[in-house]
Amino acid sequence: MAEITGAGPHGRRTDEETEAAVAPAPVPAPAPALASRSRPADGLRAYRLIAGMWLRSTMAYRASFIMTTFGNFAATALDFVAILLMFSRVDALGGYTLPEIAFLYGLTSISFGLADLAIGSMDRLGRRVRDGTLDTLLVRPAPVLAQVAADRFALRRLGRVVQGVLVLVYALGSFDVHWTAPKVLLMPLMMLGGAAIFCAVFVAGAAFQFVAQDASEVQNAFTYGGTTLLQYPPTVFARELVRGVTFVLPLAFVNWLPASYVLGRPYPLALPWWTAFASPLVGVGCCALAGLAWRVGLRSYRSTGS
Amino acid sequence: MELDGPGGGTDGAFIELDRVEKVFDVRKKTGFLKRERRRVRAVDAISFSVARGEMVGYIGPNGAGKSTTIKMLTGILTPSGGRLRVAGIDPSRERTRLAQRIGVVFGQRTTLWWDLPLIDSYRLMHRMYRIPDARYRANLDRCVELLELADLLDVPVRQLSLGQRMRGDIAAALLHDPDVLYLDEPTIGLDVISKARVREFLRDLNAERGTTVLLTTHDLQDIEQLCSRVMVIDHGRLMYDGPLAGLHEAGESERTLVVDLERELPPIEVPGTRVVRVEGPRQWLAFPAAESAAPLVARIADRYPLVDLSVREPDIEAVIAKMYAASAAGAERAVS
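Protein chains in written order, with the numbering used here: chain H, 10 to 315; chain Y, 845 to 1180.
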């Protein structure tokens, strides 16, 4: 059976493909206003837009907003009442007095409250993956992280921050600290650094939910569980646990280490004095790692579809 | 009868796929901790191209790979192999840039913000897509008028009926003047009136704006009323690409007349049909899908005691099954 090669139409093509030529002449695509913007700027913008929309919609029902914020405040306040009750029986816990514990409590509440306010919605990611609504975020011209973080932005979460501030004010008014310039400087640094560390935990937890969609409970263990842990002094916990939350999941940088400096107490694990000032750096490092984990998670979602 | 596309380069091609594939690793639990891994080719070396302004139906049974294809075209999923371009953009690499050029409507889930009034979602789209004010106003007004959304704008999305929500979703997908609109099952679960309204709107959109439309569907009527071209996919492979009439020919598909008679009768004889089932006074008559039912109905009414009658369209599964059989037979004939 002879076969002529290289000549004539052979195999593989059909003739019905020529219709395409009849289509209307291509219209030049409308160029987007600014073609190249940086992703972080894009993300912040999208976050602002979405959070703003939720904010406006909450403010449409002002009474309901005030009620839920107060509820949020009251629920977290009960936490502290438990500590107060404990101190009606004892004078010190792990060598810390009530005002000192209140100091730790206020600091972690503020840090965690700020993170929760900003991106607390991240723990819904698993549900979005499961019910497929994550796909609808992927077809919008904005980074997915910003869209997930801003979704259902709830100002009522400010309740926890307010409660933390009140407890902190009580603490500051009740003990004598010799305030120096570094100590004053350390206050905002540790609050922001702590918020960054908790944000990283939220993002990393969400990234993990790409793989295990029911893992929001695991995330809660580290976020809510973490902040509860930090309300008590490091001296009441086992050494291994303290080591874990210092070197593995560096929650100790939220308040334990900086507070030790301010209160003039010995550092947990006998760490050097400057570690108290490392919170912002640790926060930035954690956020970078969490961002990386997020990218890996999103990439695996986009290649597996589930 | 698989078609291998032209591999790229057809002038005016707006969507181009060249041997695109998507392989999933499916893990199945087989024991307490044991898992079995299995590779699934959801999309298997598909090639086709769509010109600007075309309106194409993309059909196939459940799990055939339709949604996977759409997800790759929108940049949600990254292909495992092959080359894919939409408006010259590689969707998975430049997802956010592509997002400005495409509109997507998922029939089963909404892109709108569930708990907020419809208009809030539109306002957000306005800013997020950076749509110039005048254009946003014009597009919104047009959609509100044609899709009859005026009374719905202040209603939270979760309170909308399925048909209302679908119309709301279609409007949301068009505010930024996309060049191409993907619709994944846009008429699923809608009542007859809503279906008709959505179809009419899409037809006008395509005619007036020249928007390229690619829609997946279960409903052959969607295709009949909207698309000049249809692609059939099954088991991840492209089975057919051409006009709808050709599909009926290729699948030798049949419609069915369901006839209710006054009493039980032996199978009735009408030329051009054959009785495929009898159940008491009800009989099922199959006839070629390309033929008109009107003369058959007249003939039956003339000769038999007719009580009621309805026409059933061929379902896609049946058409595809027949197409398989036909192509297998064709291949055998070619060999001998």
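Heads up, the beta-carbon is just placed ideally off N, CA and C, and yes, glycines get one too.
According to the Cβ coordinates, are residue i and residue j closer than 7 angstroms?
i                  : j                  : result
Val1122 of chain Y : Leu1153 of chain Y : no
Leu260 of chain H  : Gly235 of chain H  : yes
Pro1149 of chain Y : Glu1113 of chain Y : no
Gly919 of chain Y  : Leu942 of chain Y  : yes
Ile946 of chain Y  : Val894 of chain Y  : no
Ile1097 of chain Y : Ala1051 of chain Y : Contrary to the premise, residue 1097 of chain Y reads as Ser rather than Ile in this sequence. No, they are not a contact pair.
Thr1117 of chain Y : Arg1156 of chain Y : no
Val305 of chain H  : Lys192 of chain H  : no
Val887 of chain Y  : Glu865 of chain Y  : yes
Leu921 of chain Y  : Arg311 of chain H  : yes
Asp1078 of chain Y : Ala908 of chain Y  : yes
Leu134 of chain H  : Gln228 of chain H  : no
Ala60 of chain H   : Ala205 of chain H  : no
Thr1056 of chain Y : Arg939 of chain Y  : no
Cys1071 of chain Y : Val900 of chain Y  : yes
Gly2 of chain H    : Pro277 of chain H  : Nothing can be reported for residue 2 of chain H: it is not among the residues displayed for chain H, which extend from 10 to 315.
Arg169 of chain H  : Ser118 of chain H  : yes
Met68 of chain H   : Leu968 of chain Y  : no
Ala1017 of chain Y : Leu991 of chain Y  : no
Ile1067 of chain Y : Val1074 of chain Y : yes
Gly52 of chain H   : Ala155 of chain H  : yes
Val1001 of chain Y : Ala994 of chain Y  : no
Gly951 of chain Y  : Asp1023 of chain Y : no
Gly115 of chain H  : Thr244 of chain H  : no
Which residues of chain H have a Cβ atom closer than 8 angstroms to the Cβ of residue i, listed in chain order?
i                 : result
Arg971 of chain Y : Leu58
Leu968 of chain Y : Leu58, Ile59, Met62
Residues of chain Y with CB closer than 7 angstroms to the CB of residue i, please, in chain order.
i                 : result
Leu134 of chain H : Under the 7 angstroms cutoff, chain Y gives no residues; its nearest Cβ is about 15 angstroms from Leu134 of chain H.
Gly141 of chain H : Arg953
Ala55 of chain H  : Met972
Ala158 of chain H : Correct list: empty, because the minimum Cβ distance to chain Y is about 15 angstroms.
With DSSP collapsed to three states, give me the class of residue i.
i                  : result
Gln1127 of chain Y : strand
Ala34 of chain H   : With a pLDDT of only 41 at Ala34 of chain H, under the threshold of 50, the placement of this residue in the model should not be trusted; the figure read from the coordinates follows. Correct three-state label for Ala34 of chain H: coil.
Phe219 of chain H  : helix
Leu991 of chain Y  : coil
Ile859 of chain Y  : strand
Asp1146 of chain Y : helix
Ala1165 of chain Y : helix
Glu898 of chain Y  : coil
Lys910 of chain Y  : helix
Ala40 of chain H   : Because the pLDDT at Ala40 of chain H is just 45, under 50, the model does not fix this residue reliably, and the value given afterwards should be weighed accordingly. Residue state, collapsed to three classes: coil.
Arg953 of chain Y  : coil
Phe184 of chain H  : coil
Ala889 of chain Y  : strand
Ser97 of chain H   : coil
Thr924 of chain Y  : According to the sequence shown, residue 924 of chain Y is Ser rather than Thr. Ser924 of chain Y: coil per DSSP, three-state reduction.
In chain H, what lies closer than 7 angstroms to residue i by C-beta?
i                  : result
Thr1055 of chain Y : None at all; the shortest Cβ gap to chain H is about 11 angstroms.
Val948 of chain Y  : Val148
Arg939 of chain Y  : Leu147
Asp964 of chain Y  : Met62, Ser66
Ser891 of chain Y  : What Ser891 of chain Y touches in chain H: nothing, since even the nearest Cβ is about 11 angstroms away.
May I ask whether a heavy atom of the ligand NAD can be found less than 6 angstroms away from the beta carbon of residue i?
i                 : result
Glu989 of chain Y : Annotation note on the ligand NAD: not contained in the displayed structure, which lists no ligands.
Can you pull the chain Y residues whose beta carbon is under 8 angstroms from the beta carbon of residue i, in chain order?
i                 : result
Ser312 of chain H : Leu921, Thr922, Ser924
Ser47 of chain H  : Those within 8 angstroms of Ser47 of chain H in chain Y number zero; the least Cβ separation is about 12 angstroms.
Given that a residue counts as buried once 16 or more other Cβ atoms are within 10 Å of its Cβ, and exposed if not, what is residue i?
i                  : result
Thr255 of chain H  : buried
Asn906 of chain Y  : exposed
Ile1164 of chain Y : buried
Asp964 of chain Y  : buried
Trp303 of chain H  : buried
Trp188 of chain H  : exposed
Tyr902 of chain Y  : buried
Ala151 of chain H  : buried
Asp1035 of chain Y : exposed
Lys1039 of chain Y : buried
Gln1065 of chain Y : exposed
Ala34 of chain H   : Note that Ala34 of chain H scores a pLDDT of 41, beneath 50, so its modelled location is shaky; the value from the coordinates is reported in the next line. Exposed is the call here.
Pro935 of chain Y  : buried
Gly173 of chain H  : buried
Ala38 of chain H   : Residue placement at Ala38 of chain H is flagged as unreliable, the pLDDT there being 44, under the threshold of 50; the coordinate-derived value follows with that caveat. By the neighbour-count rule (16 or more Cβ atoms within 10 Å), Ala38 of chain H is not buried but exposed.
Pro281 of chain H  : exposed
Phe211 of chain H  : buried
Who are the neighbours of residue i on chain A, taking C-beta pairs under 8 angstroms?
i                 : result
Ala155 of chain H : Annotation note: the requested chain A is absent from the structure, which comprises protein chains H and Y.
Taking residue i as the query, report the chain H residues whose CB atoms sit under 9 angstroms from its CB, ordered along the chain.
i                  : result
Ser1136 of chain Y : Ordered by position in chain H, no residue passes the 9 angstroms Cβ test against Ser1136 of chain Y, which lies about 26 angstroms from the chain.
Leu1181 of chain Y : The question about residue 1181 of chain Y has no answer here: the residues shown for chain Y are numbered 845 through 1180.
Task: Contained alpha helix (DSSP H) runs [length at least 4] in the region 246-312 of chain H, N- to C-terminal order - done: Under the rule that a run must span 4 or more residues, the alpha helix (DSSP H) segments found entirely inside the region 246-312 of chain H read 248-252, 265-272.
Open item on the list: Ignoring anything shorter than 4 residues, give me the alpha helix (DSSP H) runs that lie fully in the region 1028-1103 of chain Y, in order along the chain.
Closed with: Here the runs fully enclosed are 1036-1053, 1064-1070, 1088-1095.
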